[in-house]
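Start counting the sequence shown at 76; every next residue gets the next number (this note's numbering).
Beta carbons are placed, not taken as given, at the ideal position from N, Cα and C, and that holds for glycine.
Scroll down for the structure; my scribbles are underneath it.
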Amino acid sequence: MKRLIPMILVAVLAVAYAQGDWTAYTADLLVGGTVKEGVRDGGPLPANCPAPQAKSSYLIGMSQANRAEPWREAMDSQIAAAAKAYPEFEVVFQDAAQDNANQVSDVENLLVQGIDLLIISPNQAAPLNKIVKEAWEDCIPVIVLDRNLVDPNYSMFIGADNVAIGQAAGEYVAKWCADNGRTDCKIAEIRGLTGSPPAQDRGDGFRAGLAAGGLSEANIVFSQDAEWLREKALPAAAAAFQAHPDIDVVYGHNDPMAEGAYIAAGDAGVDLADVLFVGIDALPTPDGGIMSVLEGRLDVTHVYPTGGKQAIEWAHSILVDHVNPPLWLVLPFEQVTADNAQDVCNAYSCPAAK
């Protein structure tokens with residue numbers, strides 16, 4: 076027993092040391108975001124893990140769900156650009172190509188490379204839980220972007236509120252239908268990847284927004300998964316207009332799918348001016364959602380921040396400054412219509428910026 080007591084004391088002191096190494100975050104680090112869940116007691120790592128050691132260089136692994144999606148390509152680009160501000164950071168990128176098994180393997184490869192911190196935007200929630208937990212329990216800080224996991228075994232989650240975005244879209248649609256005399260408003264929904272949290276949240280939020288505006292799920296006459304991809308939205312939307320030629324609204328869970336629906340509607344001979352096209356993402360790129368609104372293809376979209384820049388800023392705060400981050404940081408979004416598209420374009424330096 077006499078030998079056991081000192082051993083217990085050493086263990087307690089070790090945990091206390093690990094927990095005491097972290098400093099509280101300050102409001103300026105939130106950069107416009109809001110905290111949905113506060114800090115984890117004891118720091119962003121398991122209690123037995125010390126704060127990261129000071130080093131001259133840090134290797135950061137970025138595991139992307141599917142770089143073929145323009146929004147995710149933008150996320151990677153913003154991470155790379157933000158990392159240039161920190162010469163001590165090297166970022167290694169992996170692309171899972173929308174395959175859960177690939178992404179698990181990607182993370183395993185990054186861990187073998189000896190990364191100091193993992194940034195991951197999961198393809199789907201449940202299949203990535205185990206490998207992320209393994210990394211985190213191995214004392215690797217983990218920042219999850221965009222798609223949250225089932226269990227919060229990570230250092231922090233950064234993402235916009237997809238339920239709120241979906242609700243804003245639903246409320247806009249309900250008001251448009253009422254203002255335009257569409258008493259029996261027919262809506263086609265082109266969904267994101269089934270099983271991904273954003274697709275679920277954008278669908279749930281949209282339905283809540285419809286209900287708030289006097290419509291219901293019964294107004295959604297067509298709903299199909301197009302896996303976030305324009306090329307898969309084309310046949311899905313074609314099927315929608317074939318089954319329901321009098322569709323009033325198309326709600327795409329992202330801009331590429333909404334644009335695919337716009338193309339399919341035109342190919343079907345639909346009067347495009349008679350249909351409301353709604354999207355999400357609003358990338359400030361030549362083929363992004365802001366330009367789509369300015370050029371009249373989409374009627375409304377929503378700025379959905381990638382969180383790429385914020386991930387690098389928080390990586391520096393965790394690795395170098397030993398800041399204990401909020402467990403869940405919500406990024407702001409903005410609705411974009413013809414009324415404000417030019418202002419949003421100017422703010423985000425899109426190709427038509429003035």
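| If we count Cβ pairs, one from each stretch, closer than 8 angstroms, do we get three or more for the segment 207-216 versus the segment 190-198? | yes
| request: Report buried or exposed for Thr381, applying the criterion of at least 16 other Cβ atoms within 10 angstroms of its Cβ. | output: buried
| field | For Thr376 and Asn237, the rounded distance between their alpha carbons | value | 13 angstroms
| What residues in its chain sit with their C-beta under 8 angstroms from that of Arg372, if we drop five residues either side in the sequence? | Glu334, Tyr337, Phe352
| Leu193, DSSP secondary structure in three states | strand
| Mapping DSSP to helix, strand and coil, what is Phe281? | helix
| request: Could you check which residue in Lys130, Asp330, Arg257 has the C-alpha nearest to that of Asp191? | output: Lys130
| message | Short of 7 angstroms in beta carbon distance, which residues of its chain neighbour Ile240, apart from the five on each side in sequence? Order them along the chain. | response | Arg277, Gly280, Ile355, His377, Tyr379, Phe408
| said: Classify Ala91: buried if its beta carbon has 16 or more other beta carbons within 10 angstroms, exposed otherwise. | reply: Note that Ala91 has pLDDT 36, beneath the 50 cutoff, so the model's placement of it is unreliable and no number is given.
| said: Our contact map puts Gln173 next to Glu306 with C-beta atoms below 8 angstroms; I'd like the distance itself, whole angstroms only. | reply: No, Gln173 and Glu306 are not in contact; Cβ-Cβ is about 13 angstroms, not under 8 angstroms.
| request: Using the Cα positions of Leu304 and Tyr423, report the straight-line distance between them to the nearest angstrom. | output: 24 angstroms
| Spatial neighbours of Gln153 in its chain, beta-carbon cut-off 8 angstroms, leaving aside the 5 residues before and after | Thr381, Gly383, Lys384
| query | Does the beta-carbon of Ala317 have 16 or more other beta-carbons within 10 angstroms, so that it is buried, or is it exposed? | reply | Note on identity: in this sequence residue 317 is Gln, with Ala being the wrong assignment. Gln317 should be labelled exposed.
| query | Would you call Glu163 buried or exposed, if buried means 16 or more other Cβ atoms sit within 10 Å of its Cβ? | reply | exposed
| request: Give me whichever residues DSSP pairs with Leu300 in a beta bridge. | output: Checking the displayed sequence, the identity of residue 300 turns out to be Asp instead of Leu. Answer by DSSP bridge pairing, in chain order: Arg266.
| Is Lys205 helix, strand or coil by DSSP? | helix
| message | Comparing C-alpha positions only, which one of Leu402, Ala314, Pro273 sits nearest to Asn228? | response | Leu402
| message | Do Asn421 and Ala413 have their beta-carbon atoms positioned less than 7 angstroms apart in this structure? | response | no
| Relative to the alpha-carbon of Pro119, which residue among Asp96, Gln139, Ser291, Glu183 has its alpha-carbon at the smallest distance? | Asp96
| From Ala140, Asn294, Ala99, Glu370, residue whose alpha carbon lies closest to that of Ala249 | Asn294
| Of the choices Asn415, Val411, Gly136, Asn399, whose alpha-carbon is the least far from that of Leu105? | Asn399
| message | When you compare the CB positions of Val405 and Thr109, do they come within less than 7 angstroms of one another, or not? | response | yes
| Hey, how far is the Cα of Ile206 from the Cα of Ala200? | 11 angstroms
| query | How should Asn415 be labelled, buried or exposed, when 16 other C-beta atoms within 10 angstroms of its C-beta is the threshold for buried? | reply | exposed
| Among Met366, Val167, Asp254, which residue has its Cα nearest to the Cα of Met137? | Val167
| query | Which stretch, first to last residue, makes up the alpha helix (DSSP H) that contains Glu246? | reply | 237-254
| request: Determine the direct distance from the alpha carbon of Ser180 to that of Pro426, and round the result to whole angstroms. | output: 37 angstroms
| query | In whole angstroms, what is the alpha-carbon distance linking Asp221 and Leu394? | reply | 21 angstroms
| query | How should Asp323 be labelled, buried or exposed, when 16 other C-beta atoms within 10 angstroms of its C-beta is the threshold for buried? | reply | buried
| said: Looking at the secondary structure, which residues open and close the alpha helix (DSSP H) in which Trp97 lies? | reply: Element bounds for Trp97: n/a, residue is neither H nor E.
| Chain-order list of residues whose beta-carbon lies under 8 angstroms from that of Asn175 (same chain, five-residue window excluded) | Asn198, Gln199, Pro202, Leu203
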